[in-house]
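The structure under discussion appears below in the form of structure tokens.
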Amino acid sequence: MRSQTRAYLYAIAAVLCWSTVASAFKLTLDETGVGELLLLSTWASLAVLLLVMGAQRSFTQWKSWSRREWGHSAILGALNPFLYYLVLFRAYDLLRAQEAQPLNYTWPIVLVLLSAVVFRQRLHAYTIAAMLVSFAGVLVISTRGDVTGLRFTSTEGVLLAVGSSLLWATSWILNMRSRAAQVPKLAANFLFGALYVATYVLLSHDHAAITAGAVVGGVYVGIFEMGLTFVFWLRALTLSKSTAGVSNLVYLSPFLSLLFIHVLVGEDIAVSTVLGLVLIVSGIVVQRWGEARGARAPSRQE
């Protein structure tokens, strides 16, 4: 089988997995609490990543890490998975799945804005246009189409869903500064994150029951949101001749996710959700188009 074909198969597998996790979040939160879901999913993900490391025989890479690299992973583990998924799961607990999922999908725009601040990059006109289009979509979804009335379904839920994008973008930027191999780096992050989560749950005063359904859902989320799917995606990027060739498939994920939410969770998908998601994705497309056009533009000769 050609490497490009294999790249597409890995990418499609990753997209299909990511498309199901919003439904899994919501269904599992009906069975247990936010902390319990976080505990089950992070430890399941850590187990998967350690198994992948064993298959790749990459445990030896940890032995060569400096204290600085371990410290870096300790910080990243606090951001993602601990804080990021704690905030995201709480957003899903407060909002309908069809609202939380697209609001969280604003992370590519948030990443661009945060990069502009951190790296002091100039904001181009297409970036500002993309930001306005995407956040118009956020407004449509969070008000369920009642934009002029500005009556939010859950102000806390909306802030948490969009705020989770900021946490993801921050962890992404910090992750870029580490040159360690991706799977060992991710496993180390989850090792620290799982310890933080366990401490958080132990110190928490509110404990929800962990049913059999919660265990199944938590393990599913750990495997197909946090662990194995990321390995699929990395494999797709490695095998593909062009990053754009597989990256564009990600745009299918939020729309497929709405289909799964309707079928599995039983939510009737509102017109405002679809319109808002189209606006959010359109903003991301405008941003990517602007970046690609800028990369192709010839430099001026002074």
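Residue 223 in this note's numbering sits at position 238 of the sequence shown, and the numbers go up by one each step. Glycine included, each C-beta is placed from N, C-alpha and C at the ideal position.
Checklist line | Between the CA atoms of Val235 and Leu243 - distance to the nearest angstrom | finding: 14 Å
Next item on the list: Using the Cα positions of Leu180 and Val168, report the straight-line distance between them to the nearest angstrom.
Entry: 18 Å
Note to self: Tell me the residue span of the alpha helix (DSSP H) that contains Lys11.
What the structure shows: Ser(-12) to Leu14
Check: Can you name, in chain order, every residue of its own chain whose Cβ lies under 6 Å from the Cβ of Gly62, other than the five neighbours on each side?
Finding: Asn174, Phe177 and Gly178
Item checked: CA-to-CA distance, Glu252 to Gly212, given in whole angstroms -> 27 Å
Next item on the list: State the start and end residues of the unbroken alpha helix (DSSP H) segment that holds Trp153.
Entry: Thr140 to Met161
Notebook entry, point to check: Relative to the C-alpha of Gly198, which residue among Leu1, Ala146 and Glu16 is closest?
Noted result: Glu16
Check: What's the gap between the Cα of Trp50 and the Cα of Leu151?
Finding: 28 Å
Margin query: Can you tell me whether His57 is buried or exposed? The criterion is at least 16 other CB atoms within 10 Å of its CB, across all chains shown.
Written below: buried
Checklist line | Gln286 versus Leu96: straight-line alpha-carbon distance, rounded | finding: Because the pLDDT at Gln286 is just 40, under 50, the model does not fix this residue reliably, and the point stays unresolved.
Check: With burial defined as no fewer than 16 other Cβ atoms inside 10 Å of the residue's Cβ, what is the status of Ala(-4): buried or exposed?
Finding: buried
Check: With distances taken between CB atoms, is the gap from Asn89 to Ser156 smaller than 7 Å?
Finding: no
Next item on the list: Let me know the secondary structure DSSP gives Ser284 once reduced to three states.
Entry: Confidence at Ser284 is low in this model, with a pLDDT of 44, below 50, so the placement of that residue is unreliable and no value is reported for it.
Item checked: Euclidean distance between Cα positions of Leu145 and Phe10 -> 15 Å
Next item on the list: Leaving aside the five residues before and after Ile254 along the sequence, list all residues of the same chain whose C-beta is less than 6 Å from its C-beta, in chain order.
Entry: Gln83, Leu243 and His247
Item checked: 6 Å CB neighbourhood of Ser30 in its chain, flanking five on each side removed -> Phe175, Gly207, Met211 and Gly212
Note to self: I want to check one thing, is the minimum distance from the CB of Arg129 to the heavy atoms of the ligand MG below 6 Å?
What the structure shows: As for the ligand MG, it is missing from this structure, which has no ligand bound.
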